[in-house]
Each structure stands twice: as C-alpha cells, then as structure tokens.
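Data block below; observations after.
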Amino acid sequence: MPLRLPDKLPAINILERENIFVIDETRGHSQDIRPLRLAILNLMPIKITTETDLVRLLSNTPLQIEVTFMKLKSHTSKNTPIEHMKQFYIPFDELRSKKFDGLIITGAPVEGMAFEDVNYWQEMTEIFAWARQNVTSTLYICWAAQAALYNFYGIEKYQLEKKKFGVFTQHINPAFENIPLFRGFDSTFSMPHSRHTENHREDILGVPQVSILAEAPENGPSIMMARDGREIFITGHMEYNPDTLDTEYRRDLEKRDDVEMPKNYYIDDNPDKGPLVTWRAHANLFYHNWINYYIYQRTPYDIDKITYDMNY
Numbered sequence: 054m055p056l057r058l059p060d061k062l063p064a065i066n067i068l069e070r071e072n073i074f075v076i077d078e079t080r081g082h083s084q085d086i087r088p089l090r091l092a093i094l095n096l097m098p099i100k101i102t103t104e105t106d107l108v109r110l111l112s113n114t115p116l117q118i119e120v121t122f123m124k125l126k127s128h129t130s131k132n133t134p135i136e137h138m139k140q141f142y143i144p145f146d147e148l149r150s151k152k153f154d155g156l157i158i159t160g161a162p163v164e165g166m167a168f169e170d171v172n173y174w175q176e177m178t179e180i181f182a183w184a185r186q187n188v189t190s191t192l193y194i195c196w197a198a199q200a201a202l203y204n205f206y207g208i209e210k211y212q213l214e215k216k217k218f219g220v221f222t223q224h225i226n227p228a229f230e231n232i233p234l235f236r237g238f239d240s241t242f243s244m245p246h247s248r249h250t251e252n253h254r255e256d257i258l259g260v261p262q263v264s265i266l267a268e269a270p271e272n273g274p275s276i277m278m279a280r281d282g283r284e285i286f287i288t289g290h291m292e293y294n295p296d297t298l299d300t301e302y303r304r305d306l307e308k309r310d311d312v313e314m315p316k317n318y319y320i321d322d323n324p325d326k327g328p329l330v331t332w333r334a335h336a337n338l339f340y341h342n343w344i345n346y347y348i349y350q351r352t353p354y355d356i357d358k359i360t361y362d363m364n365y
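Numbering (the numbering used here), first residue to last: 54 to 365.
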C-alpha cells in the first residue's frame with residue numbers, strides 16, 4: 054500500500070525516482086479505506102530534507118498512511134521557504150481538536166539551551182499533553198526525546214565535552230529483545246548520532262516508568278520506551294539518509310578547523326571514499342514495527358475514539 058502525502062510535496066518526486074510507492078491526497082481520497090493518520094512536527098531547520106528522510110521510512114509498510122505536517126505558532130522557520138510552510142504545514146492550533154494514530158516529533162537545533170529558555174517551550178508542553186490524550190503512539194527523536202523525557206519524567210540533559218558524532222553499534226537490552234519493536238532485529242544494530250547533549254543512564258534507571266531498550270558504550274541510552282509503547286524516545290537518527298553526516302561534516306569544516314570526522318562512518322575512515330551505510334535495514338524494520346505493532350494493531354478503527362488517560 055502507498056504512503057499518502059500532500060499534493061505537490063517535493064518528497065513525492067524524490068521518492069518516486071527511488072521506486073517508492075507514494076500517492077497524493079487527490080488519488081488517496083478515491084480509495085475506500087481508512088488510512089492511518091500520522092502527524093509530523095518537524096523542528097529541523099532544513100524541513101524538506103527531514104520530510105523526505107522520514108516519509109522514505111514510513112513508506113516501508115503495507116498500510117496506507119496519511120501524513121500531516123504540523124508547525125508551531127510560536128516559531129517561524131528561517132531556513133525553509135515561507136511558501137513551502139504555508140502550503141504543506143498546518144499550525145498546531147488547527148490540529149489540537151483532531152486525533153492521530155501516530156505522531157513523530159523531530160530534533161531541533163536548540164540543544165545548548167535550557168528547555169524553558171526555548172522560545173516555543175510553552176507550545177511544546179501543550180503538544181506533549183495533547184499527544185497523551187489524542188495520539189496512539191508518539192515517536193520522539195533526538196532533542197524531542199530529551200525534551201519529552203524532561204517534561205514527563207524530570208530527566209535532565211547534560212552538555213557533552215565534544216559532539217557525539219558518528220555511527221555507533223547499539224546493543225538491545227536482553228530483557229526487551231523479544232518485544233514487537235525489535236521483531237526481526239539482530240542483537241546489535243547501527244544508529245547515527247549527531248548531538249551535543251546526553252541523558253545519563255543512572256537518571257533514567259531512577260524512573261521506573263521509562264525502560265532502556267537499547268544502548269551503547271559510546272553514546273549511552275539510544276532507545277527508551279514508556280507507557281507500553283505509547284511513548285518511544287530515540288536519541289539518535291535512524292532516519293538519516295546515507296549522506297547526511299557527510300553533509301554536516303563538510304558544512305562544519307567550512308566554518309572552523311577543529312571539526313572531528315564522524316566515527317565509524319566513512320569507508321576506511323576516508324571521506325573521499327564515501328559513507329559505509331550500516332543502519333538503513335534496521336531503520337526500515339524499526340519504523341515498520343512501530344507502525345504495525347504500536348499503531349495499527351492498537352489504534353481504534355473509529356479514530357474519534359482515541360482517548361487515553363494522561364496519568365497512565
């Protein structure tokens with residue numbers, strides 16, 4: 054089954070060239086089926102790149118998914134054309150009365166700031182609370198994972214001495230290796246990371262509602278879960294395209310001369326040889342499992358019946 058995207062979204066042409074089956078809203082409405090409704094709050098500066106990375110992974114499922122891009126009223130993107138934002142993004146205020154089967158909230162380039170100092174923090178807390186009652190399962194990525202862990206459970210983030218940058222081998226906690234989220238996984242898998250802050254393992258272990266599903270010595274906890282999968286937190290970027298870390302590395306090299314090369318990323322650690330891609334298979338499997346087992350198998354057919362206890 055295809056992924057349903059807004060008419061004329063740039064990602065459609067990109068993904069069609071990759072032979073990924075997508076349809077626009079006009080065609081999708083002609084099909085007699087109740088698609089899963091998934092919202093994406095994209096906080097990344099280069100919106101079109103992140104859109105394409107995420108919908109590429111969401112397309113790897115036999116289910117029809119209708120994607121809605123959400124934006125904040127309290128923040129204006131400076132790196133994406135205003136025409137694109139007006140055409141494809143809907144303010145949260147216009148969506149707060151709706152229900153969604155799934156929600157993805159991305160990272161944001163505000164890691165160095167205290168959460169309360171982020172100019173859209175108040176609106177983010179409203180979205181967090183809304184998601185608990187109106188969304189079957191929410192996936193929080195990178196900064197959003199740290200923000201949600203702090204908002205819901207009081208888990209702090211800490212500044213790193215140097216940027217965590219590269220691809221690292223994650224180890225699945227044996228207690229969770231048989232949960233549906235990891236169905237088909239190997240005992241270890243790779244995940245790209247690119248961040249300046251971290252959560253401490255001991256802080257998470259002190260919160261019984263949150264489980265550490267996977268982690269690595271190099272990057273600490275990488276996948277966590279709460280509320281039986283209604284909240285999933287990822288500190289890395291399984292959605293990254295093969296050249297994303299390379300683009301970031303070369304961009305930073307143009308700005309300063311103390312940039313470290315991403316670890317475990319380039320063939321023979323040589324940027325001229327390009328990246329050794331080791332994470333895409335598990336990334337596709339992860340998103341497939343999340344959509345199937347934590348959304349499709351649990352969400353009601355009548356989407357208006359999605360109602361959950363915020364204090365669960």
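Beta carbons: idealized from backbone N, C-alpha and C, even for Gly.
Legend entry - Under the three-state DSSP convention, the category M244 falls into: strand
Inset, instruction - Quick one: using the 10 Å Cβ neighbour count with 16 as the cut-off for buried, is H315 buried or exposed? - result: What sits at residue 315 in the sequence shown is Pro, not His. Per the 10 Å Cβ criterion, buried.
Inset, instruction - Mind the definition here: the stretch 298-310 touches the stretch 248-268 only if three or more C-beta pairs lie below 8 Å; say whether that holds. - result: no
Inset, instruction - Please report how far the alpha carbon of S83 lies from the alpha carbon of I359, in whole angstroms. - result: At S83, the pLDDT of 44 sits below 50, so the modelled position is not reliable; the number obtained from the coordinates is stated separately. C-alpha separation (whole angstroms): 25 Å.
Legend entry - Buried/exposed call for I111, threshold 16 Cβ in 10 Å: In the sequence as displayed, the identity of residue 111 is Leu instead of Ile. Answer is buried; the Cβ neighbour count reaches 16.
Inset, instruction - Quickly, what does DSSP pair H224 with across the bridge? List them, please. - result: T241 and E268
Inset, instruction - Give the straight-line distance between the Cα atoms of A35 and P115, rounded to the nearest whole angstrom. - result: Any question about residue 35 goes unanswered here, given that the chain covers just 54 to 365.
Inset, instruction - Output the boundary residues of the alpha helix (DSSP H) element that contains M177. - result: For M177, the enclosing alpha helix (DSSP H) begins and ends at W174 to N187.
Inset, instruction - Evaluate R80 with the Cβ neighbour count: other Cβ atoms within 10 Å of its Cβ, from every protein chain shown; 16 or more gives buried, anything less gives exposed. - result: Because the pLDDT at R80 is just 47, under 50, the model does not fix this residue reliably, and the value given afterwards should be weighed accordingly. When all chains shown are included, R80 counts as exposed.
Inset, instruction - For Q212, write down the residues that DSSP places opposite it in a beta bridge. - result: T250
Legend entry - Residue span of the alpha helix (DSSP H) that contains V330, given as start and end: V330 -> no alpha helix (DSSP H), and no H or E assigned at all.
Legend entry - Rounded separation between I101 and P63 - CA only: 7 Å
Inset, instruction - Assuming G155 contacts L96 (C-beta within less than 8 Å), just tell me the rounded distance between them. - result: Wrong, their Cβ atoms sit about 17 Å apart, outside the cutoff.
Inset, instruction - Go ahead and pull the three-state DSSP assignment for V108. - result: Of the three classes helix, strand and coil, the one that applies to V108 here is helix, per DSSP.
Inset, instruction - Using three-state DSSP, classify T352 as helix, strand or coil. - result: coil
Legend entry - Residues near E292 in its chain [Cβ-Cβ closer than 6 Å; skip 5 each side]: Within the same chain, and ignoring the five residues on either side of E292 in sequence, the residues whose Cβ sits closer than 6 Å to its Cβ are D106, L107 and L110.
Inset, instruction - Within 10 angstroms of the Cβ of P274, are there 16 or more other Cβ atoms? Answer buried if so, exposed if not. - result: buried
Legend entry - Under 9 Å between C-beta atoms of R248 and W332: no
Inset, instruction - State yes or no: is the C-beta of N272 within less than 9 Å of the C-beta of T288? - result: yes
Legend entry - Neighbourhood of L94 by C-beta distance below 6 Å, restricted to the same chain and skipping five residues each side: M123 and I158
Inset, instruction - Identify whether K151 lies in helix, strand or coil by the three-state DSSP scheme. - result: coil
Inset, instruction - Grab me the residues of T352's own chain with a C-beta within less than 6 Å of its C-beta, minus the 5 sequence neighbours each way, in chain order. - result: D154 and T189
Inset, instruction - Measure the Cβ-Cβ separation of I344 and L89 and say whether it is below 9 Å. - result: yes
Inset, instruction - Could you have a look at K308 and say whether DSSP puts it in helix, strand or coil? - result: coil
Legend entry - Neighbourhood of R87 by C-beta distance below 8 Å, restricted to the same chain and skipping five residues each side: Y354 and I356
Legend entry - Spatial neighbours of Q212 in its chain, beta-carbon cut-off 6 Å, leaving aside the 5 residues before and after: T250
Inset, instruction - Could you tell me the distance, in whole angstroms, from the CA atom of A184 to the CA atom of V312? - result: 38 Å
Inset, instruction - Run the CB neighbour count on L338, radius 10 Å, all protein chains shown included, and call it buried at 16 or more, exposed below. - result: buried
Inset, instruction - Can you grab the Cα-Cα spacing for the pair T241 / F235, in whole Å? - result: 11 Å
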